[in-house]
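Take a look at the structure below.
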Amino acid sequence: MKRLAIIFLFVTIGYSSSYAGLVNYGVKGGINFSNLIGNEWMVQSYYKTTFHGGLFLDVSLLGIVGVETGAYYSRKGYVDITKAEIGGVFETIQESDYSYDYIDIPVLLRVKPIPFVSFFAGPQASIYLTNNYKVIDQDGNITKGKDEDVMTSPDFALVIGTHTNLPFGAFISASYDYSLLPYKADNKKIHNSVIKISVGYKF
Numbered sequence: 015m016k017r018l019a020i021i022f023l024f025v026t027i028g029y030s031s032s033y034a035g036l037v038n039y040g041v042k043g044g045i046n047f048s049n050l051i052g053n054e055w056m057v058q059s060y061y062k063t064t065f066h067g068g069l070f071l072d073v074s075l076l077g078i079v080g081v082e083t084g085a086y087y088s089r090k091g092y093v094d095i096t097k098a099e100i101g102g103v104f105e106t107i108q109e110s111d112y113s114y115d116y117i118d119i120p121v122l123l124r125v126k127p128i129p130f131v132s133f134f135a136g137p138q139a140s141i142y143l144t145n146n147y148k149v150i151d152q153d154g155n156i157t158k159g160k161d162e163d164v165m166t167s168p169d170f171a172l173v174i175g176t177h178t179n180l181p182f183g184a185f186i187s188a189s190y191d192y193s194l195l196p197y198k199a200d201n202k203k204i205h206n207s208v209i210k211i212s213v214g215y216k217f
């Protein structure tokens with residue numbers, strides 16, 4: 015599956031080269047606000063601030079309609095804060111920080127109904143790379159390790175968002191990714207949820 019995703023990306027780039035006048039490419043990166051959600055997620059988790067960055071390719075097809083793809087290194091995860099009542103006051107007794115690294119490869123349909131502003135939506139394949147966690151207890155002791163229960167096969171998500179062009183080739187965008195596959199290997203209904211705020215530049 016990893017090979018298919020990578021081959022698809024390079025085929026898209028090669029095919030679009032014949033439309034050089036309609037192709038934009040560049041760099042994009044920004045902030046992720048990620049968490050886990052789902053009916054079977056029994057942990058009171060919080061959104062974790064992480065990052066993403068990579069290269070994109072945008073192909074205009076029919077003026078206001080286009081297709082965008084790319085490859086982005088993206089860190090996802092969540093924060094779990096455990097509190098207990100001590101002396102009538104709720105205090106933090108443990109804070110856990112989980113990080114999961116992927117290469118995101120979206121294929122998005124873009125529509126630009128008005129100048130400078132566009133909306134996009136489409137599927138996204140995510141190639142799992144690695145993960146780690148850090149747990150800090152109330153005494154300040156730190157434990158580090160890896161989550162052995164995470165799914166290591168490619169993830170698939172739906173992406174929606176908006177994009178605003180700025181002067182001199184710059185732009186900003188905001189999007190939401192919702193994973194369609196279970197996050198854990200036990201197949202419980204727990205999914206990645208990621209809000210992305212990005213800035214970029216078209217060459």
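Counting in the numbering used here, the sequence shown runs from 15 upward without gaps.
Glycine included, each C-beta is placed from N, C-alpha and C at the ideal position.
The model shown is predicted, which means the values in this text are computed figures rather than measured ones.
Neighbourhood of residue i by C-beta distance below 6 Å, restricted to the same chain and skipping five residues each side
i, result
"Ala34", "Note that Ala34 has pLDDT 47, beneath the 50 cutoff, so the model's placement of it is unreliable and the number below is only indicative. Around Ala34: no qualifying Cβ."
"Lys158", "Lys148"
Same chain, Cβ closer than 8 Å to residue i, five either side skipped, listed in chain order
i, result
"Pro137", "Pro120, Val121, Phe170, Ala171, Leu172 and Val173"
"Arg124", "Asp72, Val79, Gly80, Val81, Glu82, Ser132, Phe133, Phe134 and His177"
"Ser189", "Phe134, Val173, Ile174, Gly175, Thr176, Ile209, Lys210 and Ser212"
Option nearest residue i by Cα separation, candidates the options
i, options, result
"Ser86", "Asp118, Asn49 and Ile128", "The question names Ser, yet the displayed sequence has Tyr at residue 86. Comparing Cα positions, the closest option is Asp118."
"Asp163", "Ser48, Lys198, Asn49 and Asn53", "Lys198"
CB contact below 8 Å: residue i versus chain D
i, result
"Asp151", "The structure shown contains no chain D; it is built from a single protein chain."
Exposure label - residue i; buried when at least 16 CB within 10 Å
i, result
"Ile204", "buried"
"Tyr215", "exposed"
"Phe217", "exposed"
"Lys283", "Coverage of the chain is limited to positions 15 through 217, which leaves residue 283 absent and any answer about it impossible."
"Leu194", "exposed"
"Ser167", "exposed"
"Gly101", "exposed"
"Ala184", "exposed"
Supposed close pair residue i, residue j - CB separation, criterion 8 Å
i, j, result
"His66", "Lys210", "6 Å"
"Lys90", "Asn46", "6 Å"
Cβ-based neighbour list, residue i, same chain, cut-off 7 Å, excluding 5 preceding and 5 following
i, result
"Ile51", "His205 and Ser207"
Are the region 90-101 and the region 60-71 in contact at 8 Å, needing three or more beta carbon pairs?
Touching, per the Cβ criterion.
Decide yes or no for the touch test of the region 98-117 against the region 140-159: beta carbon pairs closer than 8 Å, at least 3 of them.
Touching, yes.
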